[in-house]
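Step one of this worksheet: look at the structure below.
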Amino acid sequence: MRFAEREVILKDGRTCILKPTLPEYAQEMIDYMKVTAAETDYLLRYPDEVHFTLEAEEELLGKILDDPYTIMMMALVDGKVAGNGSINGIGSKRKICHRSSLAIALYKEYWSLGIGKAMIEYMTELARSAGWKQVDLEVVAENIQAQRVYEKCGFVETGRRHNALRSDDGTYHDEILMYKEL
Ligand SMILES: CC(C)(COP(=O)(O)OP(=O)(O)OC[C@H]1O[C@@H](n2cnc3c(N)ncnc32)[C@H](O)[C@@H]1OP(=O)(O)O)[C@@H](O)C(=O)NCCC(=O)NCCS
5 MRFAEREVIL
15 KDGRTCILKP
25 TLPEYAQEMI
35 DYMKVTAAET
45 DYLLRYPDEV
55 HFTLEAEEEL
65 LGKILDDPYT
75 IMMMALVDGK
85 VAGNGSINGI
95 GSKRKICHRS
105 SLAIALYKEY
115 WSLGIGKAMI
125 EYMTELARSA
135 GWKQVDLEVV
145 AENIQAQRVY
155 EKCGFVETGR
165 RHNALRSDDG
175 TYHDEILMYK
185 EL
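In structure tokens form, the structure reads like this:
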């Protein structure tokens, strides 16, 4: 989806720009996926599971940009990528085509500055105007920080998926299911 840039003043006084993730940022996005996957255990991918080639990533970002129902948003601070987020449909079958799903991650150095909340608010606003009726998400049960941020943005807990994730060290982790009506 193409959408207008939005400027946000962060808690440290810097300005953050929220804008569509353009195909020319493909390499930055591949680097971002690898680094953020290493900075936290709370994302689905391990760094060695980021397999996108530059061409494939460019093509994907181009398709998303032209899709009026899929949001891919990046946050830039001082011209550098601080994070990325997305909202996309969960499936095209008629019984579930009112539902979308949210994902977000920032580089660790940009946590707790207000970027996450600003991105989630803007993405859900755009999702509402695109016609989505609700946004679903899953968050690792131990990821309390993210759950507080989602609650601040109006998401409510609806359930728990037992042992949804198995880490390389053999430990199992539940997922908390959350949703927001649009
Ligand atoms: C989760 C994440 C996206 C949140 O973004 P963020 O920019 O760090 O969060 P914000 O600074 O916007 O915080 C939003 C609100 O939540 C509150 N909050 C944050 N952490 C909190 C905590 N541990 N306890 C209580 N409130 C908390 C903030 O105070 C803020 O409220 P305010 O605006 O009223 O002050 C970011 O920390 C991140 O990328 N984490 C790693 C990846 C991840 O976990 N992604 C989610 C996977 S489901």
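Under the numbering used here, read the sequence shown as residues 5 to 186, first letter to last.
All C-beta atoms, glycine included, are put in the ideal place defined by N, C-alpha and C.
Given the structure is predicted, the values throughout are model-derived calculations rather than measurements.
*Output yes or no for whether 9 Å exceeds the beta carbon distance between M77 and M127.*
As a working note, residue 77 is residue 73 in the sequence shown. As a working note, residue 127 is residue 123 in the sequence shown. Yes.
*Closer than 8 Å: I91 CB and nearest ligand 1 heavy atom*: Walking along the sequence shown from the start, residue 91 turns up at place 87. I91: no, Cβ never under 8 Å from ligand 1.
*Please indicate yes or no: does the CB of S116 lie closer than 8 Å to some heavy atom of ligand 1?*
As a working mapping, residue 116 is identified with position 112 in the sequence shown. A distance criterion of 8 Å places the beta-carbon of S116 in contact range of ligand 1, judged by its closest non-hydrogen atom.
*Please confirm whether Y50 and G87 have their CB atoms less than 9 Å apart.*
Locating residue 50 in the sequence shown gives position 46, where the first residue counts as 1. Locating residue 87 in the sequence shown gives position 83, where the first residue counts as 1. Going by C-beta atoms, Y50 is not nearer than 9 Å to G87.
*Taking the alpha-carbon positions, what's the G120 to K156 distance?*
On the sequence shown, position 116 is the one that residue 120 refers to. On the sequence shown, position 152 is the one that residue 156 refers to. Taking C-alpha positions only, G120 is separated from K156 by approximately 11 Å.
_K15, buried or exposed, once every other Cβ within 10 Å from all chains shown has been counted against 16_ = Looking up residue 15 in the sequence shown gives position 11. Only exposed fits K15, as fewer than 16 other CB atoms lie within 10 angstroms of its CB.
*For S104, count neighbouring Cβ atoms within 10 angstroms of its own Cβ and tell me buried if that reaches 16, exposed if not.*
Here residue 104 corresponds to residue number 100 of the sequence shown, with the count starting at 1. Buried, because 16 or more other Cβ atoms sit within 10 Å of the Cβ of S104.
_Identified DSSP bridge partners for H166_ = Here residue 166 refers to the residue found at position 162 of the sequence shown. For H166, which the question treats as bridged, DSSP gives no partner whatsoever.
*6 Å CB neighbourhood of M37 in its chain, flanking five on each side removed*: On the sequence shown, residue 37 is found 33 positions in, with the first residue counted as 1. A distance below 6 Å between beta-carbons, with the five flanking residues on each side excluded, links M37 to the following residues of its chain, in chain order: V54.
_If the criterion is Cβ atoms closer than 9 Å, does the pair M5 and I75 meet it?_
For the purposes of this step, residue 5 is taken as residue 1 along the sequence shown, with counting starting at 1. For the purposes of this step, residue 75 is taken as residue 71 along the sequence shown, with counting starting at 1. For M5 and I75, yes; Cβs fall inside 9 Å.
*I100 versus G118 - alpha carbon distance*: Along the sequence shown, read from residue 1 onward, the residue named residue 100 stands at position 96. Along the sequence shown, read from residue 1 onward, the residue named residue 118 stands at position 114. Straight-line Cα distance between these residues: approximately 32 Å.
*Take L176 and list the residues in its own chain whose beta-carbon comes closer than 6 Å to its own, dropping the five residues that flank it on each side.*
For this step, residue 176 is matched to residue 172 along the sequence shown. Per the sequence shown, residue 176 should be read as Tyr rather than Leu. Cβ within range, chain order: N167, R170.
_Integer-rounded CB distance, given that K137 should sit under 8 Å from L106_ = The residue given as residue 106 occupies position 102 in the sequence shown. The residue given as residue 137 occupies position 133 in the sequence shown. So it is not a contact: roughly 14 Å between Cβ atoms.
_Candidates R18, A150, E146, V139: closest to A109 by CA position_ = If you number the sequence shown from 1, residue 109 lands on position 105. Out of R18, A150, E146, V139, the CA that lies nearest to the CA of A109 is found in A150.
*Proximity test, R49 beta-carbon vs ligand 1 heavy atom, cut-off 8 Å*: Position 45 of the sequence shown, counted from the first residue, corresponds to residue 49. Every heavy atom of ligand 1 is 8 Å or more from the Cβ of R49, so no.
_A42 - DSSP class collapsed to helix/strand/coil_ = What you label residue 42 is simply residue 38 of the sequence shown in a count that begins at 1. Residue state, collapsed to three classes: helix.
*asked:* What does DSSP give as the partner residue(s) for G127 in the beta ladder?
replied: Stepping through the sequence shown from its first residue, residue 127 is reached at position 123. Note that residue 127 is Met in the sequence shown here, rather than Gly. None, per the DSSP bridge assignment.
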